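*Asks:* Take a look at the following structure, please.
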Amino acid sequence: MAALRLSLVQIGKGTVGAELIEQVRDQRPAVLERLGVDLVYAGIAGRKSGVFDPGGIDLSRWKRTVEAGAGIDGAKILGQALGALSGMAILVDATAAEGMAGVYCDAFAAGLHVVTCNKKPLAGPLADYRRVREAARRKRRFWLYEVTVGAGLPVISTLRELLDSGDGLESVEGCFSGTLNFLCASLDGGGKFSEVLARARDLGYTEPDPREDLAGQDVLRKALILAREAGLPIEPGDARLEPFCPIDRRGDVAKFLAKTAAMDSGMKRLWQEAAARGIRLRYVASVDGACGAALKEVPADSALGRLSGPENIFVFKTRRYRERPLVVMGPGAGPAVTAAGAFGDILKVARAVAGTS
Ligand SMILES: NC(=O)c1ccc[n+]([C@@H]2O[C@H](COP(=O)([O-])OP(=O)(O)OC[C@H]3O[C@@H](n4cnc5c(N)ncnc54)[C@H](OP(=O)(O)O)[C@@H]3O)[C@@H](O)[C@H]2O)c1
71 MAALRLSLVQ IGKGTVGAEL IEQVRDQRPA VLERLGVDLV YAGIAGRKSG VFDPGGIDLS
131 RWKRTVEAGA GIDGAKILGQ ALGALSGMAI LVDATAAEGM AGVYCDAFAA GLHVVTCNKK
191 PLAGPLADYR RVREAARRKR RFWLYEVTVG AGLPVISTLR ELLDSGDGLE SVEGCFSGTL
251 NFLCASLDGG GKFSEVLARA RDLGYTEPDP REDLAGQDVL RKALILAREA GLPIEPGDAR
311 LEPFCPIDRR GDVAKFLAKT AAMDSGMKRL WQEAAARGIR LRYVASVDGA CGAALKEVPA
371 DSALGRLSGP ENIFVFKTRR YRERPLVVMG PGAGPAVTAA GAFGDILKVA RAVAGTS
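Per this note's numbering, residue 71 is the first one in the sequence shown, and the count goes up by one each step.
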């Protein structure tokens, strides 16, 4: 039987995007063998360079090929892709760009599926979210975004299956940020705030602008995504959000990072006072009819207090899981696990086009 071809057009080739391209490159023969689907990159773009080749980009030298396309940006590649590709293609959004809701609607209208790592189109104004969902439904296309909550952990799919099988969500509570948990656990161990933040960036855990993590904005987006998945019509402005720490929004990322050493002593004092009382500090989020997030005191021997590194925990209380909640826990940040989660979404589409499960 002839192989089915599934084209991928990816906007964003940074920490997560580059890892995803390499995972797909390495697994392509195995996917072809198992599913009979050939995953072919037809487009890759960043802000300032890109390439579109419906015949398939040679992934052994993709970085050089993209660099050679200097001046061709994501918008141009998308324009070409939407004109040339249809049902057997996926738009992959591995950016943290604003304004992608309209791009997704255009992709669905052109017959593409959409896999996204980008939380912003899911957690902006409710009207945008509903517009994208309706555009996907109208064309019967997949809109998959597992990695937007918990990176590679099965958080969205768990919630979806609970709801689709008739369960009712009462609450989700936990630590939804791998970056903030890495900071909390490193500060428990006596680390300096400025140094552990720089380390979290080096490890690829933080948002492109780490102030989005520190402001709680990234956690709020995850809470909104879960709330909306459960059918709650919540706007970003409805949430109760306290930042992880005070932050200066003026200037660019480099300027902010250069000033973080001034926060070391204040953060150290906060953590020392907590340790002296035998408790831990964790950034805890909740979804329970409303959304909220704040730095909270938790017992050191609780599940939240014992979290280490970039771990996340999601405690689902539902009608069926009320007495003993359903818990999803594990690393919730990092390029390898995040890219693997997006690859999982691509494979869901591949299995559907191949007619297998
Ligand atoms: N890191 C994690 O653990 C993690 C976990 C879950 C979800 N995510 C999400 O994954 C996404 C990517 O994160 P990352 O760490 O890979 O970020 P990153 O390293 O900063 O990469 C972002 C990429 O997006 C491109 N880009 C940004 N705006 C664009 C635009 N308007 N048009 C075209 N390309 C654009 C950039 O282009 P240039 O190459 O030209 O700069 C870059 O290639 C984010 O939405 C993040 O929230 C990350």
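Where a beta carbon is used, it is the ideal one built from N, C-alpha and C, also for glycine.
Keep in mind it's a predicted model, so treat the numbers as computed, not measured.
(1) Beta-carbon within less than 6 angstroms of serine 264's beta-carbon, same chain only, minus the 5 sequence neighbours each way: which residues are those?
(2) Exposed or buried, lysine 133, counting other C-beta atoms within 10 Å across all chains shown (16 or more means buried)?
(3) May I have the straight-line CA-CA distance separating arginine 98 from leucine 109, to the nearest angstrom?
(4) Grouping DSSP H, G and I as helix and E and B as strand, with all else coil, what is valine 219?
(5) Measure the alpha-carbon distance for alanine 293 versus glycine 362 and round it to whole angstroms.
(6) Could you give the distance in angstroms between the alpha-carbon of arginine 104 and the alpha-carbon of alanine 412?
(7) Note down the Cα distance separating glycine 307 from glycine 125, rounded to an integer number of angstroms.
(8) Helix, strand or coil for lysine 25? Go by DSSP, reduced to three states.
(9) Quick one, which of Arg281, Leu152 and Arg200 has its alpha-carbon nearest alanine 171's?
(10) Should isoleucine 295 be listed as close to ligand 1, given that the test is whether its C-beta is under 7 angstroms from any heavy atom?
(11) At what residues does the beta strand (DSSP E) containing glycine 120 begin and finish?
(12) If contacts are defined as beta-carbon pairs under 8 angstroms, then isoleucine 304 and arginine 310 qualify, I think. What distance do you get, rounded to the angstrom?
(13) To the nearest angstrom, report how far apart glycine 82 and glycine 116 are at their CA atoms.
(14) At a cut-off of 7 angstroms, is valine 217 close to ligand 1 when judged by its beta-carbon and the heavy atoms of the ligand?
(15) Write down the C-beta distance between serine 378 and alanine 255 rounded to the nearest angstrom, noting that I regard them as a contact closer than 8 angstroms.
(16) Who are the Cβ neighbours of lysine 189 in its own chain at under 6 angstroms, not counting the five residues just before and after it?
(17) Round the Cβ separation of alanine 300 and leucine 233 to the nearest angstrom and send it over; I've been treating them as touching at under 8 angstroms.
(18) Pull up the distance between the alpha-carbon of alanine 151 and that of glycine 414, whole angstroms please.
(19) How do the segment 278 to 289 and the segment 237 to 252 stand: do at least 3 beta-carbon pairs fall below 8 angstroms, yes or no?
(20) Once DSSP output is grouped into helix, strand and coil, what is the label at leucine 229?
(21) Going by the CB atoms, is the gap between glycine 375 and arginine 350 shorter than 8 angstroms?
*Replies:* Looking at the atomic coordinates:
(1) Thr330, Ala331 and Asp334
(2) exposed
(3) 6 angstroms
(4) coil
(5) 8 angstroms
(6) 19 angstroms
(7) 45 angstroms
(8) In the structure displayed, the chain extends from 71 to 427; residue 25 sits before or after that span and is not available.
(9) Arg200
(10) no
(11) 120 to 122
(12) At roughly 11 angstroms, the Cβ-Cβ gap does not stay under 8 angstroms, so isoleucine 304 and arginine 310 are not in contact.
(13) 5 angstroms
(14) yes
(15) 5 angstroms
(16) Thr218 and Arg291
(17) 6 angstroms
(18) 22 angstroms
(19) yes
(20) helix
(21) yes
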